[in-house]
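Asks: For the sequence shown, my numbering begins at 540 and goes up steadily by one.
Even for Gly, the Cβ is constructed at its ideal location relative to N, Cα and C.
I have a structure I would like to understand better, so I am pasting it below and will then ask my questions one at a time.
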Amino acid sequence: MAEARFWSAVLGDPITYADEDFVVVSASTAASGLAFQRAADLTPPTWPKPAVPQQMHLDVMVDDQDGAGETVLALGARRLPGDHVYADPAGHPFCLIRRPTWAPPVN
């Protein structure tokens, strides 16, 4: 699924499980992660316009918001109104937020 490949690249984690209808992106097969289920009749959200509201919203912690913004755009995201707000290839909004000092990167 394109959505899982996008998030795998953004997060730097591999796809650890995939079948026709279900894909998991996770640091390892022993860890939880993002799971995606195929939705054949998905209507992409139009957020911030209210016609089709957002179905989810992720905040992704990054060290360099501008650099991460360039990366997600190159991977297929599009810019939305707001500070470091984007839509993934399926149209789901997400934000790139500065990593707080209490949340060091996991290696």
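1) Would you give the residue range spanned by the beta strand (DSSP E) that ALA557 belongs to?
2) Here's the rule I'm using: 16 or more other beta-carbon atoms within 10 Å means buried, otherwise exposed. How should PHE633 be labelled?
3) Pop quiz: ALA626 and ALA616 are said to be a contact at Cβ under 8 Å. What is the actual Cβ separation, rounded to whole angstroms?
4) How is VAL562 classed by DSSP in three states: helix, strand or coil?
5) I'd like to confirm the pairing. Which residues does DSSP put opposite ARG617 in its beta bridges?
6) Please report the straight-line C-alpha distance between PRO592 and ALA569, rounded to a whole angstrom.
7) Looking only at its chain, what residues have a beta carbon closer than 8 Å to the beta carbon of VAL599, apart from the 5 residues adjacent to it on each side?
Replies: Looking at the coordinates:
1) For the purposes of this step, residue 557 is taken as residue 18 along the sequence shown, with counting starting at 1. Residues 554-557.
2) Translated into the one-based positions of the sequence shown, residue 633 becomes position 94. It counts as buried.
3) The residue you call residue 626 lines up with position 87 of the sequence shown. The residue you call residue 616 lines up with position 77 of the sequence shown. That belief holds up - the Cβ atoms of ALA626 and ALA616 are roughly 6 Å apart, short of 8 Å.
4) Translated into positions along the sequence shown, residue 562 becomes position 23. Assignment of VAL562 by DSSP, reduced to helix, strand and coil, places it in the strand class.
5) In the sequence shown, residue 617 corresponds to position 78, counting from 1. ALA626.
6) Against the sequence shown, residue 592 aligns to sequence position 53. Against the sequence shown, residue 569 aligns to sequence position 30. So the alpha carbons of these two residues sit roughly 33 Å apart.
7) As a first step, residue 599 must be located in the sequence shown, where it is residue number 60. So the qualifying residues of the chain are VAL549, LEU550, ALA607, PHE633, CYS634, LEU635, ILE636.
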